[in-house]
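Engineer: First, the structure itself, so that you have it in front of you.
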Amino acid sequence: MPYISVPGTVTLNFTAFDNGQVKAFWQPPLHWTCIEYYYLKWSLQTCPPAKTHDAVAFTEPTISPSEQCEWSFNLTDVTANEYILTDLQGCENYSFEVFINSDSDIKGRSSFISAEQVPGPVVIEDVSPGETTAIVAWQQPTAHHSCVELYQVEIVGPAQRSDDLQERFKLTTTQTEVAFARLDPCGKYNVSIVPQSKNGTKGLSVDTEFTTLEGKPSEILSPYIVAEAHRLSISWLAPSYADLCLTGYRLSGWNDEKKPVPAFDKTTENTSITIEGLNSCQGFTVQIIPTTKTADGDLKHVEARTTPIKAQAPTVETTSVYPNRFEFSAQESDLNNKCETIFARFVCQASLDARHKFAEIYVEGRMGIIYNTAVGPLSPFTDYVCSVSLFNVAGWSHNKTVIKRTEPYYPDPPEKLSLKTHTNHSLGFSWTQPKYANGNIKLYVSHFQRVEAAFYIPAENCNQITTESITRETSGLEQLFDELTPYTRYSIQVAAQNEFGIGEYTRPYTMVTKPGASDPVVDLKAKPEGPLEWDAEYHANALISWNMSCKSNGEIEHFLLEFTGERAGYDCLGFTRKVKPDLSKKGIFLHNETILAPEYTYTVRVSVKIKSVEELSEAVNHTFEAPAGIPQRLNDEVIAKSRIEANSGNHPAKSVAVKLPIDILNDDLGTIVYVALLLSQKNCDEGPELKCGAMNTIEEWPDIPSWSEAHGDQNTACIAQYQTTPLRWEPNVNQYRSVDMVEFIIGLENCENSSKKYCNGPLRPDTEYNLVVRLFTKSGYNDVGVLTFRTEALIELVIILVSVSSCLILALVAGLIYYWITKRIKWQRESCHGLEDSVGDVVEKNFAIYYREISKADKLAREFKELTAVAIDLSYSASEMGGNKNRYADIFPYDKNRVILDIDADGSDYINASFIDGYRRRKEYIATQGPKSESIKDFWRMVLQHNVRIIVMVTQFREGDVVKCHEYFPFKFKGINVVIKKKESFDIYDRTELSVTHETFGLKQKVVHFYFKKWPDHGCPTDPMYLINFVRKVKSEKKPSYSPIVVHCSAGVGRTGTYIGLDIIMQRLKNESKINIYETVKKLRFQRMKMVQTLTQYTFLYDCAYELVKHKHNHNTANGKKEVANNDLDDHEYTFSRYAMNLRKQSADILPSDERHFTAKPPNDNISMEPSPPTYVE
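In structure tokens form, the structure reads like this:
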């Protein structure tokens, strides 16, 4: 047998085709001729386990894949070097082996991946549906499953709906399970699964169907109701959820009274239904429930209301009939109509003419009730056709009509009431019948009364006129009233009366009677004034005042003033004045007559002229005397007739006879009532100053030294001017006059011990004199001329007598001088005059010693007593016109310096206030009483008129139970308005800023009010520094230099004088370093009575002066200046303070609670301090 060689190995290569086949090829091995066959073997590198499948029905035939993992083939054609592999699973890893012949050795091995194939269909394992979800699971395709990249799953349904309403849900997944949501309950759905290869090729689709589970239906949608009067047509849409599960709908319902309505109890498979047999105008609630085989769905409530129908005509009953209305009761007749009546309308129409022809009223409706109402206003005793209808939402019902007549009533007022007769004492009226009599007119009643006077009546002086009304009846249409008052307003009202009664009166018809002559004026007065000393010509005036009558009986056209004047030896004068009325003065009228002749006696006759009345009123007379003028200067002719001759008596060298022509007593400007002869030594000065002055010479006298004051020391080198004639010398007395001359002998009296005001003392021998002749009328004086003369020299006998007696005289004089010097020294020691200068001033450095001396028991009391006799003869006649404006009956301002206001509506210029001169400025202060309620307006008028910027109040408004001063701010009265702008309160005072306006005159200014709080009810401030510091504070307040400071307490003299006196003392001490308390208070008392009223207040001024000096001394010592006698200050401080405290205590013990009396207990029984008449003491 031949030797057989073994074939060699092969090298494998693979080629894949699009159809999924793979060609394996190789080169023949060595010794290929020895090859009998090739044994080819291929297998899956990953072989899946065997699978079992549930039977699933497919709609299309399927290829059953092989479940083997290994294949083989014997290739007998040894010449073939290739093999085509078919039926491969796509996309799988295969292992390919080549065996030759029966050799078990592998001759060739390699692997390849099969070509990509279309995957086969999946196998659906399970579908798990819920109400709205479904889970679908499947197995991989048996063919080519490794080529599957993903699965496309799609659900379509529900099949119960039309195609356009079905939904498609698509999902892609790499898993073999997917879940779907948002499905409809009870929906039939189709699911399809398509595998897709990696190259996008899709495999076969596998479909199956399933049904979701049943769900609870939601409520129905979009219910819609068509309402009619008696039925409802209802339609709706199926529920949005589980509508595929429905088997039908169940209905029920109730009305708006919550009562079930059987007509609604129905079931239906449709989505619409009609409910019959319902009431109109009624609301219903319909309940619709969707149902399934096993359960009810959500219910739905639907509101509906049937449509309305008109009401039937109501039933009407007339319950009451009145003159001006009907009362009806109406009721709905159809109670089955559930439509609510909106209102009922009641209408009444008059069949004839009437005031109220038509009346209509609407009553708010209520279902099923009675409508009660009154229809009006209607006219009395009139026929009316009345109808009633009801209105609901469907419209008006038919009317129900009734006919009724109203009852009678009071007649209307008569018409066209007018004036028929018109005089100054009667009025006649007429009228016509009422338009609506409301019955039969029987008569007319007129009511006539006085309304008021049409003329002006002063309210303050006239009593209110009251008259009773007059009521008259008449069947006619007119009425006359007589015996009426002229120019008076009357009113009449007329009413008609029928069978029902008296009707309404007409509106008052007023008419004024014609004017008549006035009654006479009353309280006619005349107040002469003048003349003025600075007027070159005579000027005087008379203020004529009168009150108009309470019955002027018309509008005053003017007052007629007829003046007639008479003076002995002069022509009679006469003239008239017409004064227009000014009714703003409350019936008080003034006329200032300036055309007067001196010393004429005038009679003024005042009558009243009424407009449109020719007759004047009865005239009223008053007589007054025009003031005399200031005497005229003497002419040269009269002076030439005057003679001065040596007296032929015992002392020709010391007296002269003055003879003046009798013509000097005849002056056209007035009768010369007094003559004064004024002497002065010639060549002592530039010559006598000729003076003149206006004053009431009966009460006042010009200030002129007397003989004693002018001569003083007998050795006076020059004799100043003095008056030698007696006070108020009347030359008309027969003893002083002859037929043509007036004679007076100068130098007849010894004046050394004379108590006369003016003494006719001796002249100096051989001395040249100036003689001034001063003439007086009742109104003033004038120095009318100057005469000169020289007395005769003494004869030699006088020289001899003087020589003989000189020794005796010298001895006597020496004794007198010694006595006078010793008494003077003692007097100075006792009275402190050694510390004063010639006018009583004490310099600052000596005041401490003076203070100590004056404080001895009786010194201060004696000094104060001397002040009580000061200025007791000054006039205060103007205060008599003040009346109730004076707070106290014995405290008045002097005429010479009283504050004069502009004349007010009452014709008064008076206020209890005085101008007070200050240290250097005139009228620096106004001292006044605390305002009364009657004088508050005057007080603020004074403030505005005199531009006052500061008010100082040193009293309380009330001290204990006594009103010291009325509260005068804030204040508003008749155009004056005082308001508080700012108030500050300090320990010793309050400062208040006030705004004062006079709206009538447009005046406005700021006023600062200071109230001193440290002045107790009795006595004086406990510490003088309180008042000193207060004065300084007030002085520091800026104000115009021309503005006075108003200072007041209660009476305006005690505390007020103390304050002003301290201010003056402080100013003088600061500027002159001098103090003179006595003279300061004396000057104050010449300007206002009782200033610094009590010894306690006078002592307090010394306390204050001492404190001022002491504090000034301490201040100077601190600055290194020379000290004053400290020991004197200390000793005195103890001595005087003890005396002052005792004095205050005694005064306080004696003062009654109201401080209306003061009786000081003197420290020395030798000093008389008798109780004074009742007076006010602050």
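Take the sequence shown: its letters are residues 1 to 1178, numbered as in UniProt numbering.
Just so you know, even glycine gets a beta-carbon here, dropped at the ideal spot from N, CA and C.
Based on DSSP bridge pairs, tell me the residues matched to S491.
Structural biologist: According to DSSP, S491 bridges with Q449 and T510.
Engineer: Only counting runs of 3 or more residues, tell me where the beta strand (DSSP E) segments fall wholly within the stretch 599-682, in order along the chain.
Structural biologist: 601-610, 620-625, 643-646, 656-661 and 674-681
Engineer: Note down the Cα distance separating A1148 from M953, rounded to an integer number of angstroms.
Structural biologist: Confidence at A1148 is low in this model, with a pLDDT of 38, below 50, so the placement of that residue should be treated as unreliable; the coordinate-derived value is given next. Going from the Cα of A1148 to the Cα of M953 covers about 22 Å.
Engineer: Please tell me whether C692 and D783 are closer than 8 Å, where the distance is taken between their beta carbons.
Structural biologist: Yes, they are a contact pair.
Engineer: Inspect the CB distances between the stretch 875-890 and the stretch 703-720 and report whether three or more fall short of 8 Å.
Structural biologist: Cβ pair count under 8 Å is below three, so no.
Engineer: Output the boundary residues of the beta strand (DSSP E) element that contains M1066.
Structural biologist: From DSSP, M1066 is part of no beta strand (DSSP E) but of the alpha helix (DSSP H) over G1054 to E1072.
Engineer: Can you list, in chain order, the residues of its chain whose CB lies under 7 Å from that of L835, leaving out five sequence neighbours each side?
Structural biologist: Residue confidence is low: L835 scores 47 on pLDDT, short of 50, so the model does not pin down where it sits. Its coordinate-derived value is still stated next. Around L835: V842, N846, I849 and Y850.
Engineer: How many angstroms separate the CA atom of K404 from the CA atom of S387?
Structural biologist: 11 Å
Engineer: What residues match up with R958 in a beta bridge as DSSP calls it?
Structural biologist: V963
Engineer: Determine which residues share a DSSP beta bridge with R168 and list them.
Structural biologist: V156
Engineer: Since N392 and E340 should fall inside the 8 Å C-beta cutoff, what is the C-beta to C-beta distance between them, to a whole number of angstroms?
Structural biologist: 6 Å
Engineer: For the beta strand (DSSP E) that R472 lies in, which residues bound it at each end?
Structural biologist: I470 to T474
Engineer: From the DSSP output, in three-state form, read off S351 for me.
Structural biologist: coil
Engineer: Mind checking D571: buried by the 16 CB within 10 Å criterion, or exposed?
Structural biologist: Exposed, by the Cβ-count rule.
Engineer: Which whole runs of the beta strand (DSSP E) in the stretch 198-247 are 3 residues long or more, in chain order?
Structural biologist: 206-211, 221-227 and 232-237
Engineer: In the DSSP assignment, find the unbroken beta strand (DSSP E) run with R774 in it and report its ends.
Structural biologist: E768 to T777
Engineer: Tell me whether the beta-carbon of I225 lies closer than 8 Å to the beta-carbon of P239.
Structural biologist: no
Engineer: Nearest-angstrom Cα distance between K981 and N947?
Structural biologist: 18 Å
Engineer: If I follow the unbroken beta strand (DSSP E) through I1045, where does it start and stop?
Structural biologist: I1045 to H1048
Engineer: Grouping DSSP H, G and I as helix and E and B as strand, with all else coil, what is F264?
Structural biologist: helix
Engineer: Taking DSSP's pairing of strands, which residues face F73 in a bridge?
Structural biologist: L40
Engineer: When burial is assigned at 16 or more other CB atoms within 10 Å of the CB, is P1016 buried or exposed?
Structural biologist: exposed
Engineer: With a CB to CB cut of under 7 Å and the five nearest residues on each side skipped, what residues in its chain are close to D1154?
Structural biologist: At D1154 the pLDDT is 33, less than 50, meaning the model places this residue with poor confidence; the figure from the coordinates comes in the next sentence. Result list for D1154: V962, in chain order.
Engineer: Three Cβ pairs or more, each shorter than 8 Å: is that satisfied between the stretch 521-530 and the stretch 491-498?
Structural biologist: No, the stretch 521-530 does not touch the stretch 491-498.
Engineer: Could you pull the DSSP bridge partners for A889 from this structure?
Structural biologist: DSSP, once it has assigned bridges, lists no residue as partnering A889.
Engineer: Where do the ends of the alpha helix (DSSP H) carrying N13 lie?
Structural biologist: Premise fails: N13 lies in the beta strand (DSSP E), L12 to A16, not in any alpha helix (DSSP H).
Engineer: So, helix, strand or coil for H1132, using DSSP?
Structural biologist: With a pLDDT of 38 at H1132, under the threshold of 50, the modelled position of that residue is not reliable, and the figure given next carries that caveat. Correct three-state label for H1132: helix.
Engineer: Measuring only the C-alpha atoms, how far is S1090 from F1100?
Structural biologist: Before going further, note that residue 1090 is Lys rather than Ser in the sequence given. Each residue's alpha carbon lies about 16 Å from the other.
Engineer: Alpha carbon to alpha carbon, what distance is there between L994 and P1152?
Structural biologist: Residue placement at P1152 is flagged as unreliable, the pLDDT there being 30, under the threshold of 50; a coordinate-derived value is accordingly withheld.
Engineer: Return the Cβ separation of S333 and P308 in integer angstroms, given the expectation that the two are a contact with Cβ distance under 8 Å.
Structural biologist: The beta carbons of S333 and P308 sit about 16 Å from each other, so the pair does not count as a contact at 8 Å.
Engineer: Under three-state DSSP, which class holds E562?
Structural biologist: strand
Engineer: Does the stretch 499-517 come into contact with the stretch 604-619, if we say contact requires no fewer than three beta-carbon pairs (one atom in each stretch) closer than 8 Å?
Structural biologist: yes
Engineer: Cutting at 7 Å between CB atoms, please list the residues of its own chain near W729, excluding the five before and the five after it.
Structural biologist: Y674, V675 and A676
Engineer: Below 8 Å, how does it come out for the stretch 24-36 and the stretch 122-132: are there three or more Cβ pairs, yes or no?
Structural biologist: no
Engineer: Let me check understanding here. Comparing Cα to Cα, which of Y444, N101, H425 and G439 lies closest to L417?
Structural biologist: Y444
Engineer: As a quick exercise: from P290, S235 and A229, pick the residue whose alpha carbon is nearest that of L278.
Structural biologist: A229
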